[in-house]
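Trainee: Residues -18 to -1, 1 to 467 in mature numbering (1 follows the signal peptide of the UniProt record, and there is no 0) are what the sequence shown spells out, letter by letter.
My structure is below; once you've seen it, I'll send some questions.
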Amino acid sequence: MKIYLLLVSLLLSWPAFSQTTQAYQVFEVDSAAEPRGGVVFFNTFIQSTLRKPVSAQALGAGGRIVVEGIVEPNGHISNVKALQSLRPDCDREAVRAFSLFNAWKPAKKGGQAVRQRVTMPIMFQPNTPFTYLHGARITYFGADNKVVADSSQAQYKQMAPVDSNGVPTGDVVVYELKGKGWKEYFRLPLVRRKNTESSSPHKVAYTIGNQDHKKDWQGSFFIVDEDGTIIQQTFYQDSKPTGTDFTYHPNGAVAEKREKNDEKTAIMTWYANGQIEQIKAIGQPTPVAQSEPELLTAFWDSTGHQLVTNGNGRAIYQKQVRSDKDTTIYTLFVEQGSYENGFKQGNWTGRHADGSYFYEEAYDKGVMQSGKARSAGADTVRYTAVMQQPEFPGGMPGLGQFLSQNLSYPVTAQKAGAQGKVFVSFVVCTDGTLCDYEVLKSVQPDLDREAVGVVKKMSGKWKPGFHRGQKVRVKYNLPINFTLY
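Next comes the structure, spelled out in structure tokens:
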């Protein structure tokens, strides 16, 4: 019994012993610990993961926090703390972001990986301060609708309720100065609804943001899971996404950063441990031309090995997807192939680890030439496009003709002078029927009902969409125009 108790005691104390093993200083090792991929990508990860607290933003606070941690032999970081403080809330955020980077090349001493202390500066950029009172961000505007710092010069006041991370929590209300008091001018209602397009395999997700009277998003837009964890963050201005979009892993680390310009979208992605995954660009599609193939510059595996350099090499992508054998379970989906000068080239394959799905495609300068796929319990299908969108008979001209022949202008709407575009969302099912109708942008109740009614008349007439040769359900958005003159 004594021997058994001694053995248990030793086993229980081993983790604690391993964590108290000496941590060397940088000058005591043969080769120092460093971020895999280099300091530039490390800093990009940190800045993309950081979320400056709203209370700090309100004061315009900015500055440097020095954090310390221990890089373990397995490349993970531990014992993170702030050595040089800025303010408590920013200190906590710096520690959170730094703790999420676990893609270190460990220090070496005597040919062995050892623990090493590291210190890194974390920067918070200063910003223009604003008023934050009772959980609402207050912004003042002059008569020309431009932001003014002095409230005594304001003609309008906007109150936007947000939480500590900037997520909207209520209606955005704009007030107009009337005499000596503020009177409500208009408001942007808070919208929170279930997100049906979330890629999270385990949790329900919700979209949160504010919409105008046309049901266009305005301002900060978020997708969060049922626990409130931020999944995606975008900013809308004049009804269009602008600036940089961020997507996050469930642990809070940045997963993707998208920066758009008029011609291309630059994309960087990371693994959940903070390791840079890829750098690529995709062309912006236009109504009259197909977008250019995506252009890959670099690709790394999750252990930090660079597999594609300057657009040349072989990449292996892995992600969890629903199994084709049983859609209630998830399996690993592995895709791999070569890049030449940034474009997919030659033979590419993809397969589910459980054997429920397989595809093989041939590419030339990023353009797919042919493909074949096989799903569990189905025959092999061949195709020439990865994604084929649903189509109405006769294409867009045929759709326009159908609408002109079947669309009526409600008399009540005409008398009210109502006109504009109603945007209707629906799903084209695999048999060409339609379902899940939703008015995305409203104009007037009678016009909305007429728009949905004419869309329902198209059910059963559509050619379904295809993904790698297999029929799939596709969500479709259709603008229906009502014009009086």
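We put the beta carbon where it would ideally sit given N, CA and C, even for glycine.
I'd like to confirm the pairing. Which residues does DSSP put opposite Leu170 in its beta bridges?
Mentor: The partner list for Leu170 (beta bridge, DSSP) reads Val154.
Trainee: What distance in whole Å lies between the Cβ atoms of Ile298 and Ser305, which are believed to be in contact at a cut-off of 8 Å?
Mentor: Actually they are not in contact, since the Cβ atoms of Ser305 and Ile298 sit about 20 Å apart, beyond 8 Å.
Trainee: Among all the DSSP beta bridges, which residues are the ones paired with Leu314?
Mentor: Gln302, per the DSSP bridge assignment.
Trainee: Ignore the nearest five residues each way along the sequence and tell me which others in Leu(-8)'s own chain have a CB closer than 6 Å to its CB.
Mentor: Unreliable placement is indicated for Leu(-8), whose pLDDT of 42 sits below 50; the coordinate value is still reported in the next sentence. Correct list: empty, nothing qualifies.
Trainee: Here's a check: name, in chain order, each residue in its chain whose Cβ is nearer than 8 Å to the Cβ of Gly447, leaving out the five neighbours to either side.
Mentor: Met369, Gln370, Gln371, Pro372, Val410, Lys453, Val454, Arg455, Val456, listed in sequence order.
Trainee: Could you tell me the boundaries of the beta strand (DSSP E) in which Gly328 lies?
Mentor: Gly328 -> beta strand (DSSP E) spans 325 to 334.
Trainee: Just reading off the beta strand (DSSP E) that Glu432 is part of, what are its end residues?
Mentor: Glu432 -> not in any beta strand (DSSP E); alpha helix (DSSP H) instead, spanning 427 to 438.
Trainee: Under three-state DSSP, which class holds Ala40?
Mentor: It is helical.
Trainee: Taking Ser441 as the reference, give the member of Phe384, Lys347, Ser352, Leu65 with the closest Cα.
Mentor: It is Phe384 whose Cα lies nearest to the Cα of Ser441.
Trainee: Taking just the CA atoms, how far does Val173 sit from Val154?
Mentor: Distance between the alpha carbons of Val154 and Val173: 11 Å.
Trainee: Specify, as a first and last residue, the run of the alpha helix (DSSP H) that Ala76 falls within.
Mentor: Taken as a continuous stretch (DSSP letters only), the alpha helix (DSSP H) holding Ala76 covers 70 to 81.
Trainee: Using CA coordinates, which residue listed in Thr224, Met250, Lys246 is at the minimum distance from Tyr230?
Mentor: Among Thr224, Met250, Lys246, the Cα nearest to that of Tyr230 belongs to Met250.
Trainee: Is Gly112 helix, strand or coil by DSSP?
Mentor: A small fix is needed here, since residue 112 is Phe in this sequence, not Gly. Here Phe112 sits in coil by DSSP.
Trainee: Out of Gly324, Thr309, Gln300, Glu432, which has the shortest C-alpha to C-alpha gap to Gln318?
Mentor: When each option's Cα is compared against that of Gln318, the closest is Gln300.
Trainee: Among residues of its own chain, excluding the 5 on either side of Ala136, which ones have a beta-carbon nearer than 8 Å to its beta-carbon?
Mentor: Hits under 8 Å: Tyr122, Phe123, Gly124, Val130, Leu159.
Trainee: Relative to the alpha-carbon of Asn388, which residue among Phe405, Ser284, Val303, Val437 has its alpha-carbon at the smallest distance?
Mentor: Of Phe405, Ser284, Val303, Val437, the residue nearest in Cα terms is Val437.
Trainee: Whether or not the region 74 to 85 and the region 56 to 64 are in contact is what I'm after, with contact meaning three or more pairs of Cβ atoms, one per stretch, closer than 8 Å; do they touch?
Mentor: As far as the Cβ criterion goes, the region 56 to 64 touches the region 74 to 85, which means the pair count is three or higher.
Trainee: Let me know if Glu432 comes out buried or exposed under the rule of 16 or more other beta-carbons within 10 Å of its beta-carbon.
Mentor: Counting Cβ neighbours within 10 Å, Glu432 comes out buried, since at least 16 surround it.
Trainee: Give the secondary structure of Asn192 by DSSP, where H, G and I count as helix, E and B as strand, and everything else as coil.
Mentor: Looking at Asn192 - three-state DSSP - the assignment turns out to be strand.
Trainee: Within 10 angstroms of its Cβ, does Lys423 collect 16 or more other Cβ (buried), or is it exposed?
Mentor: Buried, since its Cβ has 16 or more Cβ neighbours within 10 Å.
Trainee: Return helix, strand or coil for Glu245, following the three-state DSSP convention.
Mentor: Three-state result, Glu245: coil.
Trainee: Which partner residues of His58 appear in the DSSP bridge assignment?
Mentor: DSSP output for His58 lists no bridge partner at all.
Trainee: Going along the chain, which residues of its own chain have a beta-carbon closer than 6 Å to the beta-carbon of Pro88, five neighbours each way excluded?
Mentor: These residues qualify, in order along the chain: Ala15, Val53, Pro55, Gly57, Ala95.
Trainee: Measure the beta-carbon distance from Gly324 to Thr279 and round it to whole angstroms, keeping in mind my assumption that it falls under 8 Å.
Mentor: That belief holds up - the Cβ atoms of Gly324 and Thr279 are roughly 6 Å apart, short of 8 Å.
Trainee: Decide if Asn463 is buried, meaning its Cβ has at least 16 other Cβ atoms within 10 Å, or exposed.
Mentor: With fewer than 16 Cβ atoms within 10 Å of its Cβ, Asn463 is classed as exposed.
Trainee: On the DSSP bridge list, what partners appear for Pro103?
Mentor: According to DSSP, which records beta bridges pairwise, Pro103 is partnered with Val48.
Trainee: Buried or exposed, going by whether 16 or more other CB atoms sit within 10 Å of the CB of Ala360?
Mentor: Result: exposed.
Trainee: Got a sec? Which residues, its chain only, sit under 6 Å from Phe315 by beta carbon, not counting five neighbours each side?
Mentor: Correct list, in chain order: Lys301, Val303, His334.
Trainee: From what residue to what residue does the beta strand (DSSP E) around Ser202 run?
Mentor: Segment 199 to 207, the beta strand (DSSP E) holding Ser202.
Trainee: Given this structure, state the Cα-to-Cα distance separating Val49 from Phe27, to the nearest angstrom.
Mentor: C-alpha separation (whole angstroms): 15 Å.
Trainee: Alpha carbon to alpha carbon, what distance is there between Asp145 and Pro171?
Mentor: In a straight line, the C-alpha of Pro171 is about 16 Å away from that of Asp145.
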